[in-house]
Amino acid sequence: MTSQSLFDVCITVFTFLILFDQHTITQAGNCFNHRINDMCYDLSEVNVSEEQCSGLYYSDDILKELDGYEYAENCHDVNIAPKLCDIDCGLGQECQWIDGQEMCVCSEESCTSTDSLSSIYNQQPLCASNNMTFSSECAMEAWKCLKQQSGLYKKYDGECQKDCRNVKCPYDTVCLLVKNTGEPFCYPKRHCKPALDPGPVCGTNGITYRNICAMRLSPDAQGRTPDLAHKGHCENKCRTNLCQPYEHCVYSRQSRPVCIRCHPRRFFIHSGECSMNIPACGDDGYLYKNYCAVLRGQCEKNRYINIIDYDTCPQNMNMMQ
Numbered sequence: 053m054t055s056q057s058l059f060d061v062c063i064t065v066f067t068f069l070i071l072f073d074q075h076t077i078t079q080a081g082n083c084f085n086h087r088i089n090d091m092c093y094d095l096s097e098v099n100v101s102e103e104q105c106s107g108l109y110y111s112d113d114i115l116k117e118l119d120g121y122e123y124a125e126n127c128h129d130v131n132i133a134p135k136l137c138d139i140d141c142g143l144g145q146e147c148q149w150i151d152g153q154e155m156c157v158c159s160e161e162s163c164t165s166t167d168s169l170s171s172i173y174n175q176q177p178l179c180a181s182n183n184m185t186f187s188s189e190c191a192m193e194a195w196k197c198l199k200q201q202s203g204l205y206k207k208y209d210g211e212c213q214k215d216c217r218n219v220k221c222p223y224d225t226v227c228l229l230v231k232n233t234g235e236p237f238c239y240p241k242r243h244c245k246p247a248l249d250p251g252p253v254c255g256t257n258g259i260t261y262r263n264i265c266a267m268r269l270s271p272d273a274q275g276r277t278p279d280l281a282h283k284g285h286c287e288n289k290c291r292t293n294l295c296q297p298y299e300h301c302v303y304s305r306q307s308r309p310v311c312i313r314c315h316p317r318r319f320f321i322h323s324g325e326c327s328m329n330i331p332a333c334g335d336d337g338y339l340y341k342n343y344c345a346v347l348r349g350q351c352e353k354n355r356y357i358n359i360i361d362y363d364t365c366p367q368n369m370n371m372m373q
């Protein structure tokens, strides 16, 4: 071999060693799932760049081994943009990486995030079934998720109201006041079926309606509707057979006959109508503890009691327990 050829071989070997040494110097680090102080452990990927790391921690230090466990020092959080979740969590929640897993978490912040679909839709205030006003349907769903209130639902759009005067109900619904709470809600007209009771009925306001649905779906501006006084055209006096066998005929404050039911006390205690202890003011001048107390009161007083307001009565009125 000539001196020139030997020189060329040496140059080639030297260049390879330089390249090999450069490769070992610039080699990628390692990706880990856990960290203790400044030490990474629980390998996720070996010899990858920080951008390729699917774990939470990264180290450029040499991988070491102790008692069968591999670790590296100078451990730090993966310094790349947060990973995007592929899970559609729905309104009021957002997807987050927690312990290396995609999870849906309750988040009202997701409702205002610029990159969230929740920030685009349903951004008008609404009144929920718990009488809380939420800034959007997404905010309601976030609160529902956080408080684990699975039964919460939207009653109507806009801020919560005390009566129907400022409630805008969807098409084919009518705003009515719930009898035992006095709260407005949007009642679907289709839920009332005139064919089930087609005959005329008399309301406690003294008006005869063609059927019970016509009466129930004709509220005043506040959402109040009359109670059923009796079936058939309105009459002026109690008489035999005006009421059903299980009913009792009494008179209203306006001296109109009304058929009422006087159930045993235990019925009222277990009735769903008694579940809300919202005081109701009767036209007899008493503030009753709740709607069921009104029903008991009219049986005890042998007269129909019309609810004129909720929570309060005019001043100087007694409290009826």
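With positions in the sequence shown counted from 1, the corresponding number in the numbering used here is that position plus 52. Where a beta carbon is used, it is the ideal one built from N, C-alpha and C, also for glycine. Bear in mind the structure is a predicted one, so any value in this text is a computation, not a measurement.
Burial state of ALA273 (16 or more Cβ within 10 Å): exposed
Backbone secondary structure at ASN218 - three-state DSSP: helix
My assumption, with CB atoms under 8 Å, is that ASN85 sits in contact with LEU108. Please give the rounded CB distance. 6 Å
Take the Cβ of ILE77 as the centre, count every other Cβ of all protein chains shown within 10 Å, and call the residue buried at 16 or more, exposed below. Below a pLDDT of 50, predicted positions are generally treated as unreliable, and ILE77, at 36, falls in that range; the measurement from the model is reported next regardless. Exposed: under 16 other Cβ atoms inside 10 Å.
When you compare only the Cα positions, how much space is there between LEU347 and LEU248? Straight through space, the alpha carbons of LEU248 and LEU347 are spaced by roughly 25 Å.
Strictly by DSSP, which residues pair up with GLU97? CYS83
Which residues does DSSP list as the beta-bridge partners of LEU229? PRO236
Rounded to whole angstroms, what's the CA-CA distance from CYS101 to SER111? Just pull it up for me. What sits at residue 101 in the sequence shown is Ser, not Cys. Going by the C-alpha atoms only, they are around 10 Å apart.
Rounded to a whole number of angstroms, what is the C-alpha to C-alpha distance between SER159 and CYS311? If you draw a straight line from the Cα of SER159 to the Cα of CYS311, it comes to about 52 Å.
Candidates GLU161, ARG262, ILE139, VAL253: which alpha carbon is nearest MET309's? The sequence as given places Pro at residue 309; Met does not occur at that position. If we check each option's Cα against that of PRO309, VAL253 comes out closest.
Please list the terminal residues of the continuous beta strand (DSSP E) segment that includes VAL253. 253-255
If you check the beta carbons only, do TYR239 and LEU228 fall under 8 Å apart? Against a cut-off of 8 Å, the Cβ pair of LEU228 and TYR239 comes out as a contact.
Residue interval of the beta strand (DSSP E) (run including TYR343): Going by DSSP, TYR343 is part of no beta strand (DSSP E) but of the alpha helix (DSSP H) stretching over 343-353.
Return the CA-CA distance between LEU280 and ASP138, expressed in angstroms with no decimal places. Approximately 56 Å between the Cα atoms of the pair.
Please determine whether the Cβ atom of MET91 lies at a distance below 7 Å from any heavy atom of the ligand ZN. In terms of ligand content, the structure shown is empty, and the ligand ZN therefore cannot be addressed.
To the nearest angstrom, how far is it from the Cα of ALA124 to the Cα of CYS92? 5 Å
Between the CA atoms of LYS341 and THR364 - distance to the nearest angstrom: Between THR364 and LYS341, the C-alpha separation is close to 11 Å.
Under the three-state reduction of DSSP, which class applies to ALA273: helix, strand or coil? coil
To the nearest whole angstrom, what separates the beta carbons of CYS190 and GLU211, a pair I think is in contact under 8 Å? A Cβ-Cβ separation of about 17 Å leaves CYS190 out of contact with GLU211 under the 8 Å criterion.
Run through DSSP, which three-state label would GLU117 get? strand
Among residues of its own chain, excluding the 5 on either side of TYR205, which ones have a beta-carbon nearer than 6 Å to its beta-carbon? SER181
Beta-bridge partners of MET91, as assigned by DSSP: Partner(s): ILE88, GLU125.
Give me the DSSP bridge partner(s) of THR185. CYS179
Taking three-plus beta-carbon pairs below 8 Å as touching, is the stretch 283-301 in contact with the stretch 329-336? no
Roughly how many angstroms separate the alpha carbons of GLU299 and ASN232, rounded to a whole number? 21 Å
Can you say whether TYR356 is buried or exposed, counting buried as having 16 or more other CB atoms within 10 angstroms of its CB? Answer is buried; the Cβ neighbour count reaches 16.
Give me the Cα-Cα distance between GLU117 and LEU95, rounded to the nearest whole angstrom. For the pair GLU117 and LEU95, the Cα-to-Cα distance works out to about 12 Å.
Spatial distance of LEU294 from ASN329 (CA atoms): Answer to the nearest angstrom: the Cα atoms are 33 Å apart.
In terms of residues, what are the limits of the alpha helix (DSSP H) holding CYS295? It is not in any alpha helix (DSSP H) - CYS295 carries neither H nor E in the DSSP assignment.
If you draw a straight line from the C-alpha of LYS36 to the C-alpha of LYS214, how long is it? Given a span of 53 to 373 for the chain in the structure shown, any question on residue 36 remains unanswerable.
Between VAL130 and LYS196, what straight-line distance do the alpha-carbon atoms span, to the nearest angstrom? 34 Å
Could you have a look at GLN111 and say whether DSSP puts it in helix, strand or coil? In the sequence on display, residue 111 carries Ser and not Gln. SER111: strand per DSSP, three-state reduction.
Taking C-alpha atoms, which residue in ILE114, ASP113, ASN82, GLY120 lies nearest to GLU103? ASN82
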